[in-house]
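Take 1 as the starting number for the sequence shown in the working numbering and just add one per residue.
The beta carbon of each residue, even a glycine, is placed where N, CA and C say it ideally should be.
Comments concern the structure below.
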Amino acid sequence: QVQLVESGGGLVQTGGSLTLSCAASGTIFRGNTMGWYRQAPGKQRELVARITSGGITVYADSVAGRFAISRDNAKNMVFLQMNSLKPEDTAVYYCNRVPFYTLGSWGQGTQVTVSS
């Protein structure tokens with residue numbers, strides 16, 4: 001079964017922190033590069049961070065130095081530690097394989113709202 005379940009979003013003030021979690025089915029997770037994507041209102045979904053199965057990480061310029069992606073290969077989980085949050089980080093955050101598994105594989109996402 002293909003499944004992605006994101007959690008940990010919420011409302012924070014500018015400069016605050018949040019940690020997002022993603023539980024993935026083995027089909028999507030095992031041995032694959034995983035990423036966190038986000039979609040702000042009126043904008044296309046964008047990839048903000050990715051991590052290989054061996055732990056190599058890459059970040060979008062907009063979040064580099066503020067966000068940290070990690071994974072637990074034993075539990076099929078991916079995490080995103082977000083620090084120094086800005087209003088422009090407001091979006092629904094999703095996890096998925098990189099490239100994403102299928103159009104139908106997206107979870108519901110978790111809303112992150114940063115107030116100014």
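6 Å Cβ shell around residue i - same chain, five flanking residues per side excluded
i: ALA24; result: LEU4 and ASN76
i: SER53; result: GLY31
Nearest-angstrom beta carbon gap, residue j and residue i [assumed within contact, 8 Å]
i: GLY35; j: VAL114; result: Incorrect: roughly 21 Å between the Cβ atoms, too far for contact.
i: PHE67; j: GLN81; result: 7 Å
i: TYR94; j: GLY9; result: Not quite, the Cβ-Cβ distance comes to about 11 Å (not below 8 Å), so this is no contact.
Residue i classed as buried or exposed, judged by whether at least 16 other C-beta atoms fall within 10 angstroms
i: GLU6; result: buried
i: ASP89; result: buried
i: GLY65; result: exposed
i: LEU11; result: exposed
i: LEU103; result: exposed
i: ALA91; result: buried
CA-to-CA distance, residue j to residue i, given in whole angstroms
i: ARG50; j: ARG71; result: 10 Å
i: SER17; j: THR57; result: 20 Å
i: TYR37; j: ASN96; result: 8 Å
i: GLY55; j: SER116; result: 33 Å
i: PRO41; j: GLN108; result: 15 Å
i: ASN83; j: ILE69; result: 12 Å
i: LYS43; j: TRP106; result: 17 Å
i: TYR59; j: THR27; result: 24 Å
i: VAL63; j: ALA74; result: 27 Å
Residues near residue i by beta carbon distance below 7 Å, same chain, minus five either side
i: LYS86; result: THR14 and VAL114
i: GLN1; result: SER25
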